[in-house]
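Asker: Take a look at the following structure, please.
There are 2 protein chains.
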Amino acid sequence: MSLVVQKYGGSSVASAEKIKNVAARIKRRADAGDRVVAVVSAMGDTTDDLIALAKQITDHPEAREMDVLLSTGETQSSALMVMALHAMGVDAISLSGAQAGMRTDSVHRSARILAIEPTRLREELERGRVVIVAGFQGLTEDLDIATIGRGGSDTTAVAYAAALNARCEIYTDVEGVYTADPRIVPEARKLKDISYDEMLELASKGAKVMAPRAVEIGSVYNIEILVAHSTKDAPGTLIHGGADMEGFNRVRGIAHDRDVAKITLRHVPDRPGVAAEIFQPLADAHLSIDTIVQNASEDNLTDLTFTLARDDLARALPHVNEIAKRIGAKEVVADERMGKVSIVGTGIQSAPGYAARMFRTLSDAGINIEIISTSEIRITCIVPEDRVADAVRALHTAFELEKEAL
Amino acid sequence: MSLVVQKYGGSSVASAEKIKNVAARIKRRADAGDRVVAVVSAMGDTTDDLIALAKQITDHPEAREMDVLLSTGETQSSALMVMALHAMGVDAISLSGAQAGMRTDSVHRSARILAIEPTRLREELERGRVVIVAGFQGLTEDLDIATIGRGGSDTTAVAYAAALNARCEIYTDVEGVYTADPRIVPEARKLKDISYDEMLELASKGAKVMAPRAVEIGSVYNIEILVAHSTKDAPGTLIHGGADMEGFNRVRGIAHDRDVAKITLRHVPDRPGVAAEIFQPLADAHLSIDTIVQNASEDNLTDLTFTLARDDLARALPHVNEIAKRIGAKEVVADERMGKVSIVGTGIQSAPGYAARMFRTLSDAGINIEIISTSEIRITCIVPEDRVADAVRALHTAFELEKEAL
Numbered sequence: 000m001s002l003v004v005q006k007y008g009g010s011s012v013a014s015a016e017k018i019k020n021v022a023a024r025i026k027r028r029a030d031a032g033d034r035v036v037a038v039v040s041a042m043g044d045t046t047d048d049l050i051a052l053a054k055q056i057t058d059h060p061e062a063r064e065m066d067v068l069l070s071t072g073e074t075q076s077s078a079l080m081v082m083a084l085h086a087m088g089v090d091a092i093s094l095s096g097a098q099a100g101m102r103t104d105s106v107h108r109s110a111r112i113l114a115i116e117p118t119r120l121r122e123e124l125e126r127g128r129v130v131i132v133a134g135f136q137g138l139t140e141d142l143d144i145a146t147i148g149r150g151g152s153d154t155t156a157v158a159y160a161a162a163l164n165a166r167c168e169i170y171t172d173v174e175g176v177y178t179a180d181p182r183i184v185p186e187a188r189k190l191k192d193i194s195y196d197e198m199l200e201l202a203s204k205g206a207k208v209m210a211p212r213a214v215e216i217g218s219v220y221n222i223e224i225l226v227a228h229s230t231k232d233a234p235g236t237l238i239h240g241g242a243d244m245e246g247f248n249r250v251r252g253i254a255h256d257r258d259v260a261k262i263t264l265r266h267v268p269d270r271p272g273v274a275a276e277i278f279q280p281l282a283d284a285h286l287s288i289d290t291i292v293q294n295a296s297e298d299n300l301t302d303l304t305f306t307l308a309r310d311d312l313a314r315a316l317p318h319v320n321e322i323a324k325r326i327g328a329k330e331v332v333a334d335e336r337m338g339k340v341s342i343v344g345t346g347i348q349s350a351p352g353y354a355a356r357m358f359r360t361l362s363d364a365g366i367n368i369e370i371i372s373t374s375e376i377r378i379t380c381i382v383p384e385d386r387v388a389d390a391v392r393a394l395h396t397a398f399e400l401e402k403e404a405l
Numbered sequence: 000m001s002l003v004v005q006k007y008g009g010s011s012v013a014s015a016e017k018i019k020n021v022a023a024r025i026k027r028r029a030d031a032g033d034r035v036v037a038v039v040s041a042m043g044d045t046t047d048d049l050i051a052l053a054k055q056i057t058d059h060p061e062a063r064e065m066d067v068l069l070s071t072g073e074t075q076s077s078a079l080m081v082m083a084l085h086a087m088g089v090d091a092i093s094l095s096g097a098q099a100g101m102r103t104d105s106v107h108r109s110a111r112i113l114a115i116e117p118t119r120l121r122e123e124l125e126r127g128r129v130v131i132v133a134g135f136q137g138l139t140e141d142l143d144i145a146t147i148g149r150g151g152s153d154t155t156a157v158a159y160a161a162a163l164n165a166r167c168e169i170y171t172d173v174e175g176v177y178t179a180d181p182r183i184v185p186e187a188r189k190l191k192d193i194s195y196d197e198m199l200e201l202a203s204k205g206a207k208v209m210a211p212r213a214v215e216i217g218s219v220y221n222i223e224i225l226v227a228h229s230t231k232d233a234p235g236t237l238i239h240g241g242a243d244m245e246g247f248n249r250v251r252g253i254a255h256d257r258d259v260a261k262i263t264l265r266h267v268p269d270r271p272g273v274a275a276e277i278f279q280p281l282a283d284a285h286l287s288i289d290t291i292v293q294n295a296s297e298d299n300l301t302d303l304t305f306t307l308a309r310d311d312l313a314r315a316l317p318h319v320n321e322i323a324k325r326i327g328a329k330e331v332v333a334d335e336r337m338g339k340v341s342i343v344g345t346g347i348q349s350a351p352g353y354a355a356r357m358f359r360t361l362s363d364a365g366i367n368i369e370i371i372s373t374s375e376i377r378i379t380c381i382v383p384e385d386r387v388a389d390a391v392r393a394l395h396t397a398f399e400l401e402k403e404a405l
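Heads up: the sequence lines are chains A and B, in that order.
The first sequence begins at 0 in numbering that gives the first Met the number 0 and counts up by one.
The second sequence begins at 0 in numbering that gives the first Met the number 0 and counts up by one.
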């Protein structure tokens, strides 16, 4: 008998029929003797519908109230899932984030998890019940509801798994982690396993399979995470901290992201502390900045470029304009039609040849590289949005990812 | 400066536009210096939609999970209302039933209110905020959500008004309490005021303006309740415990209800305690029984007839059949197509002539009376459902309710 925390995303619970299918899966697992906690997302488009409803009321809904509103989506799914389980004779109970013990800070809409206090969760499991937890939500010190932002349900599941020292299984609408998005590269191959770090780079750079925060928590608490399809019985991809079974020192996957915006501050006075003057106010505004590059200084003036999610551009620009004025930059140039493509694999940055092959492949395909950034296990190029798919295909072929590792 | 608890029903908050209209009303009140708590229902058909969704999952959703599911409707409205108020520059906050301090028992779907602990509610008011409370929901001792059943939002509003010693205003889609349903009797007249007892009889006997439980709480705590239209500025009807300004001893209104089912237990052995043997199990099953009549006994066998809401008939029949077998009744006869019509007015039952005039009026209209029941201030006749409208019209004319009292 083992304890497992499963997560079912919005597309897996998008209708009554789909909820019943998931309930049947949970029942099989419970019948096999496992103790099951399942974290559920809001049904299908519920969250988007609620956001649209709020927009009809006001262009600037307050974050605390958005949390109250949006958390109802997961709450509904959790109750419906329990009803489906009851109808199949499974003893089950739904718990809200508050009831399940998720404590968060008070940064509404993107709260950080402070702790999991799973007293009631454990009690219900000890009663022999399957526990369905509403994902994405927790309780602040003021006893208000807070949601934990993007990828909240994945993160919820891994956090509860860590608190309960359980195995974690993320069920989604893809069969696992692929060498590239199969919609772009039909010959993309599913990976049997991948390390936390590689997954983190793939997830951060656009592979939508799993939220980076969830991988981070898995890495910190060393929780193995299986990513698999919510209806098919195909084996998924195991994310773990152990040795990479398919071999180090090669490219594991190509990640991409089409929703990138680029902001350049031109002619920034190059003095100590100027970067902090730029990025602290953006952090204070809870704007998540991705790649940052600064060109070599000339006449003590430098150009500083960074990327962020396209959705955040409109919110970021007033801040950036104000910052530019304050620090005496010449102008702010924004381009919202960018994308990025990354190759990811442990060891590739230190090994010679990978970067060069990447740049040559893109050049041969006539794709202009606007920005380059690297980490230990990743090389990323910012390219025009309309060339992203071409770039992914060219790189997948160049690094022979359709072939199994030896 | 006074403290007011308002209630806005589902049709008043059925769309973003309507929510903004209500917010504007609340703002006017706050601008005038009043401290405002507003209890909101779920938007339009939300509750029915959620019930339909649950029915797609199972025919017998568990009550606890239905409460989790249904409570989200009011929660959504409360957050949206606060967003609308913020957009108008009004400082406001939404509170769930749990946050606002409503404590209930654990009878899910029809919980009783045990207490209101309005600590946070008072704190938020003292901060100068308008407080929007999600109606219909409270928190059990086990920290689970429970809903308080039919008329829950009216009852919520009056209960919070009682706890805060505030005035209560119920805003709805009618202009107040009428002498009869204006859809049936076009010349029906709006009453300026009405006593708790009269309102209770009208409400219990089918006037859908306000939930009887809410009136009861108003009566017990002596909270004046204004019933008025949620968008028009017409004066409403004041429900109070004081002297009846339009005069005692006359018919104040005609109530009706089309959704009545009748169950008759035939040839019940007439012995002490038999009524308890019949009605205790029905009470235990949380079935709400309305009128009960027992015919005179003959050969120690009696016929016992009672009415209940038509929706409850299917749930009641298995219980009643089992009871009939146990007590040795000959048979159970059910008729689900009944209705009822009542005349209500303080003093009419003790004054001669009202009952006789009612029966004669119905007889002249060719309407068969199946059951008669009376209270101190009401006379009710159970009639076939398809004659209810005719009965209301005939009685409204017979008692000259279109005329103002002298």
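A virtual CB, placed ideally from N, CA and C, is assigned to each residue, including glycine.
Computed from a prediction, not measured in an experiment: that's the story for all the values here.
Can you tell me which of A:Arg-309, A:Ala-315 and A:Arg-257 puts its alpha carbon nearest to the alpha carbon of Pro-280 (chain A)?
Answerer: Residue 280 (chain A) sits at position 281 when you count from the first residue of the first sequence. Of the candidates A:Arg-309, A:Ala-315 and A:Arg-257, the one whose C-alpha sits nearest the C-alpha of Pro-280 (chain A) is A:Ala-315.
Asker: Using 10 angstroms around the beta-carbon of Ser-95 (chain A), count the other beta-carbons present and answer buried if the total reaches 16, otherwise exposed.
Answerer: Here residue 95 (chain A) is taken as the residue at index 96 of the first sequence, counted from 1. When all chains shown are included, Ser-95 (chain A) counts as buried.
Asker: Could you check the C-alpha separation between Asp-256 (chain A) and Lys-339 (chain A) for me, to the nearest Å?
Answerer: Working through the first sequence from its first residue, we reach residue 256 (chain A) at position 257. Working through the first sequence from its first residue, we reach residue 339 (chain A) at position 340. Computed Cα separation, rounded: 5 Å.
Asker: Would Glu-61 (chain B) count as contacting chain A if we go by Cβ distances under 7 Å?
Answerer: For the purposes of this step, residue 61 (chain B) is taken as residue 62 along the second sequence, with counting starting at 1. So yes, Glu-61 (chain B) belongs to the interface.
Asker: Using a Cβ-Cβ cut-off of 6 Å (strictly less than) and excluding sequence neighbours within five positions of Leu-405 (chain B), which residues of its own chain qualify?
Answerer: Against the second sequence, residue 405 (chain B) aligns to sequence position 406. A caution first: Leu-405 (chain B) carries a pLDDT of 48, below 50, which makes its placement in the model unreliable, though a value can still be read off. Same-chain partners within the cutoff: there are none.
Asker: In chain B, which residues lie with their C-beta within 9 Å of the C-beta of Val-38 (chain A)?
Answerer: Within the first sequence, residue 38 (chain A) is the residue found at index 39, counting from 1. Chain B residues near Val-38 (chain A): none, gap ~15 Å exceeds 9 Å.
Asker: Roughly how many angstroms lie between the CA atoms of Thr-396 (chain B) and Tyr-220 (chain B), to the nearest whole one?
Answerer: Counted from its first residue, the second sequence places residue 396 (chain B) at position 397. Counted from its first residue, the second sequence places residue 220 (chain B) at position 221. One C-alpha to the other measures close to 36 Å.
Asker: Report whether the distance from the Cβ of Ala-97 (chain A) to the nearest heavy atom of the ligand FAD is below 6 Å.
Answerer: Looking at this structure, you won't find the ligand FAD or any other ligand, since it has none at all.
Asker: List the endpoints of the continuous beta strand (DSSP E) containing Tyr-7 (chain A).
Answerer: In the first sequence, residue 7 (chain A) corresponds to position 8, counting from 1. From DSSP, the beta strand (DSSP E) with Tyr-7 (chain A) extends over 2-7.
Asker: How about the stretch 151-159 of chain A and the stretch 110-123 of chain A: do they share at least three Cβ pairs that are nearer than 8 Å?
Answerer: yes
Asker: Please work out which residues of its chain come closer than 7 Å, Cβ to Cβ, to Ala-328 (chain B), disregarding the five sequence neighbours upstream and downstream, and give them in chain order.
Answerer: Numbered from its first residue, the second sequence carries residue 328 (chain B) at position 329. Excluding positions up to five away in sequence, the list reads Leu-264, Arg-265, His-266 and Val-267.
Asker: Please compile the residues from chain B whose C-beta is within a distance smaller than 8 Å of the C-beta of Gln-98 (chain A).
Answerer: Position 99 of the first sequence, counted from the start, is the residue given in the question as residue 98 (chain A). Per Cβ cutoff of 8 Å: Leu-142 and Asp-143.
Asker: Is there a Cβ of chain A sitting closer than 7 Å to that of Leu-2 (chain B), yes or no?
Answerer: Translated into positions along the second sequence, residue 2 (chain B) becomes position 3. No, its Cβ sits nowhere closer than 7 Å to a Cβ of chain A.
Asker: Which residues in chain A sit within 7 Å of Thr-230 (chain B), going by Cβ to Cβ distance?
Answerer: Indexing the second sequence from 1 puts residue 230 (chain B) at position 231. Proximity of chain A to Thr-230 (chain B) at the Cβ level (cut-off 7 Å) is not reached, the minimal Cβ distance being about 17 Å.
Asker: Quick check: what's the CA-CA separation for Val-4 (chain A) versus Cys-167 (chain A)?
Answerer: For the purposes of this step, residue 4 (chain A) is taken as the residue at position 5 of the first sequence. For the purposes of this step, residue 167 (chain A) is taken as the residue at position 168 of the first sequence. In a straight line, the C-alpha of Val-4 (chain A) is about 5 Å away from that of Cys-167 (chain A).
Asker: Thinking Arg-188 (chain B) and Leu-394 (chain B) are a contact (beta carbons under 8 Å), I'd like their distance in whole angstroms, please.
Answerer: Taking the first residue of the second sequence as 1, we reach residue 188 (chain B) at position 189. Taking the first residue of the second sequence as 1, we reach residue 394 (chain B) at position 395. Actually they are not in contact, since the Cβ atoms of Arg-188 (chain B) and Leu-394 (chain B) sit about 14 Å apart, beyond 8 Å.
Asker: Quick one: Cα of Glu-73 (chain A) to Cα of Gly-217 (chain B), how far?
Answerer: On the first sequence, residue 73 (chain A) is found 74 positions in, with the first residue counted as 1. On the second sequence, residue 217 (chain B) is found 218 positions in, with the first residue counted as 1. Near 36 Å, if we compare the C-alpha coordinates of Gly-217 (chain B) and Glu-73 (chain A).
Asker: Just to confirm my understanding: we take Val-292 (chain A), look at its own chain, exclude 5 residues before and 5 after, and list those with CB closer than 7 Å. What are they?
Answerer: Along the first sequence, read from residue 1 onward, the residue named residue 292 (chain A) stands at position 293. Within the same chain, Val-292 (chain A) has close Cβ partners Thr-304, Ile-370 and Ser-372.
Asker: Which residue marks the beginning of the beta strand (DSSP E) containing Thr-373 (chain A), and which one marks its end?
Answerer: Translated into the one-based positions of the first sequence, residue 373 (chain A) becomes position 374. Residues 370-374.
Asker: Which runs of the beta strand (DSSP E) at least 3 residues long sit entirely within the stretch 195-261 of chain A? Give them in chain order.
Answerer: The stretch 195-261 of chain A contains these whole beta strand (DSSP E) runs: 224-228 and 236-239.
Asker: Just verifying my parser: in three-state terms, what is the DSSP assignment at Leu-405 (chain B)?
Answerer: Walking along the second sequence from the start, residue 405 (chain B) turns up at place 406. Because the pLDDT of Leu-405 (chain B) is 48, which lies under 50, any placement of that residue in the model is unreliable, and the number read from its coordinates should be weighed accordingly. Leu-405 (chain B): coil per DSSP, three-state reduction.
Asker: Determine whether the Cβ of Val-12 (chain A) lies closer than 7 Å to any Cβ atom of chain B.
Answerer: Position 13 of the first sequence, counted from the start, is the residue given in the question as residue 12 (chain A). No, because no Cβ of chain B sits closer than 7 Å to the Cβ of Val-12 (chain A).
Asker: Which two residues bound the contiguous alpha helix (DSSP H) that contains Leu-281 (chain A)?
Answerer: Here residue 281 (chain A) refers to the residue found at position 282 of the first sequence. First-last of the alpha helix (DSSP H) with Leu-281 (chain A): 273-283.
Asker: Buried or exposed: Val-332 (chain A), going by 16 or more other Cβ atoms within 10 Å of its Cβ?
Answerer: In the first sequence, residue 332 (chain A) corresponds to position 333, counting from 1. Around the beta carbon of Val-332 (chain A), a 10 Å sphere encloses fewer than 16 other beta carbons of the protein chains shown; the residue is thus reported as exposed.
Asker: Would you please verify whether the beta carbon of Ser-105 (chain A) is less than 7 Å from any beta carbon of chain B?
Answerer: Position 106 of the first sequence holds residue 105 (chain A). It does not; no Cβ of chain B falls within 7 Å.
Asker: Can you pull the chain A residues whose beta carbon is under 8 Å from the beta carbon of Ser-109 (chain B), in chain order?
Answerer: Position 110 of the second sequence, counting from 1, holds the residue named residue 109 (chain B). Those within 8 Å of Ser-109 (chain B) in chain A number zero; the least Cβ separation is about 17 Å.
Asker: Name the residue from A:Cys-380, A:Glu-375, A:Lys-191 and A:Glu-330 whose alpha carbon lies nearest to the alpha carbon of Thr-290 (chain A).
Answerer: Position 291 of the first sequence, counting from 1, holds the residue named residue 290 (chain A). Minimum Cα distance to Thr-290 (chain A) is reached at A:Cys-380.
Asker: Please report the straight-line C-alpha distance between Gly-235 (chain A) and Ala-213 (chain A), rounded to a whole angstrom.
Answerer: Residue mapping note: residue 235 (chain A) aligns to position 236 of the first sequence, counting from 1. Residue mapping note: residue 213 (chain A) aligns to position 214 of the first sequence, counting from 1. Going from the Cα of Gly-235 (chain A) to the Cα of Ala-213 (chain A) covers about 17 Å.
Asker: Does any residue of chain B bring its CB to less than 7 Å from the CB of Glu-64 (chain A)?
Answerer: The residue you call residue 64 (chain A) lines up with position 65 of the first sequence. Yes, Glu-64 (chain A) counts as interfacial toward chain B.
Asker: Is Gln-55 (chain A) near Ala-15 (chain B), with beta carbons less than 7 Å apart?
Answerer: Here residue 55 (chain A) is taken as the residue at index 56 of the first sequence, counted from 1. Here residue 15 (chain B) is taken as the residue at index 16 of the second sequence, counted from 1. Gln-55 (chain A) places its beta carbon less than 7 Å from that of Ala-15 (chain B).
Asker: Measure the alpha-carbon distance for Thr-103 (chain A) versus Ala-41 (chain A) and round it to whole angstroms.
Answerer: Here residue 103 (chain A) refers to the residue found at position 104 of the first sequence. Here residue 41 (chain A) refers to the residue found at position 42 of the first sequence. When rounded, the distance between both Cα atoms is 20 Å.
Asker: Rank B:Asp-172, B:Thr-46, B:Ala-354 and B:Ser-374 by C-alpha distance to the C-alpha of Thr-146 (chain B) and give the top, closest one.
Answerer: As a first step, residue 146 (chain B) must be located in the second sequence, where it is residue number 147. Of B:Asp-172, B:Thr-46, B:Ala-354 and B:Ser-374, the smallest CA-CA separation from Thr-146 (chain B) is found for B:Thr-46.
Asker: Using a Cβ-Cβ cutoff of less than 6 Å, which residues in the same chain neighbour Ala-388 (chain A) once the five nearest sequence positions on both sides are dropped?
Answerer: Sequence index remark: in the first sequence, residue 388 (chain A) carries index 389 (1-based). Excluding positions up to five away in sequence, the list reads Ile-183.
Asker: Between the stretch 49-65 of chain A and the stretch 31-41 of chain B, can you find at least three pairs of beta-carbon atoms closer than 8 Å?
Answerer: no
Asker: Measure the alpha-carbon distance for His-285 (chain A) versus Asp-192 (chain B) and round it to whole angstroms.
Answerer: Taking the first sequence and counting its residues from 1, one reaches residue 285 (chain A) at position 286. Taking the second sequence and counting its residues from 1, one reaches residue 192 (chain B) at position 193. About 54 Å.
Asker: If we require 3 or more residues per run, which beta strand (DSSP E) segments fall completely within the stretch 109-150 of chain B?
Answerer: Correct list: 112-115, 129-133, 136-138 and 144-146.
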